[in-house]
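Worksheet: the structure to be examined is printed underneath.
Numbering (the numbering used here), first residue to last: 1 to 200.
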């Protein structure tokens, strides 16, 4: 095992309520109106096909947002909160020679925010907006494998969404849903015994 890939929200980053729900509640905007953006053009932003700042403008007007687009994004990106305990665990893997990367569905602006905050706490970052494809598509993981120049069996992946786990498994990556015991489960696989030996 050479590489571990980690999801951002709900794994490396602490996950509270969905931002759409928070915004709806705090600004008295019907959730169905907020979801028109998040279930609409936001997906294309995550794939790097559209620019978030441009796509937000008509929605912010309809939502009655009084500040600028940048003000809105600053308010939104306050949700980038690190899970320090988990990051310490990741550092342990890195000290043993295992490369650790973030694998996240995020558009360009929030991606850069996350990258700035995490800095060199990880070995690198793979954001859907940069790769032009989201994790639910196996092509995302094929692109990651190509960039890292590794074989699927040399990679482990942890995510909190089933569809992303299944997508990674489709290309041969050892993927697991995130839980308190996920790494014990990963390390119980025969193919990872060498990795287990390294971190003991």
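Note that CB positions come from ideal geometry on N, CA and C, so glycine has one too.
Item, Value
"Residue 158 versus residue 95 - alpha carbon distance", "19 Å"
"Rounded Cβ spacing between residue 101 and residue 12 (contact assumed at less than 8 Å)", "No, residue 101 and residue 12 are not in contact; Cβ-Cβ is about 10 Å, not under 8 Å."
"Secondary structure of residue 9, DSSP reduced to three states", "strand"
"DSSP state of residue 190 mapped onto helix, strand, coil", "Interpretation of residue 190 is limited by its pLDDT of 43, a score under 50 that renders its predicted location unreliable; the figure taken from the coordinates is listed afterwards. Residue 190 falls in the helix class under three-state DSSP."
"Residue 122 in three-state terms, based on DSSP", "coil"
"From 104, 39, 47, 89, residue whose alpha carbon lies closest to that of residue 160", "104"
"Identity of the residues DSSP links to residue 109 by a beta bridge", "Paired residues: none, contrary to the question."
"Extent of the continuous alpha helix (DSSP H) run through residue 49", "Run containing residue 49: none; DSSP gives neither H nor E here."
"Cβ-based burial, residue 120 [other Cβ within 10 Å; buried from 16]", "exposed"
"Under 8 Å between C-beta atoms of residue 133 and residue 145", "no"
"Identity of the residues DSSP links to residue 99 by a beta bridge", "3"
"C-beta contact flag for residue 117 and residue 106 at 8 Å", "no"
"C-alpha gap between residue 163 and residue 141, whole angstroms", "13 Å"
"Enclosing alpha helix (DSSP H) for residue 37 [first to last residue]", "31-38"
"Residue 77 beta carbon less than 8 Å from that of residue 60", "no"
"CB contact flag (residue 63, residue 33, <8 Å)", "yes"
"Where the alpha helix (DSSP H) through residue 135 begins and ends", "Unbroken run through residue 135: none, as it is neither H nor E."
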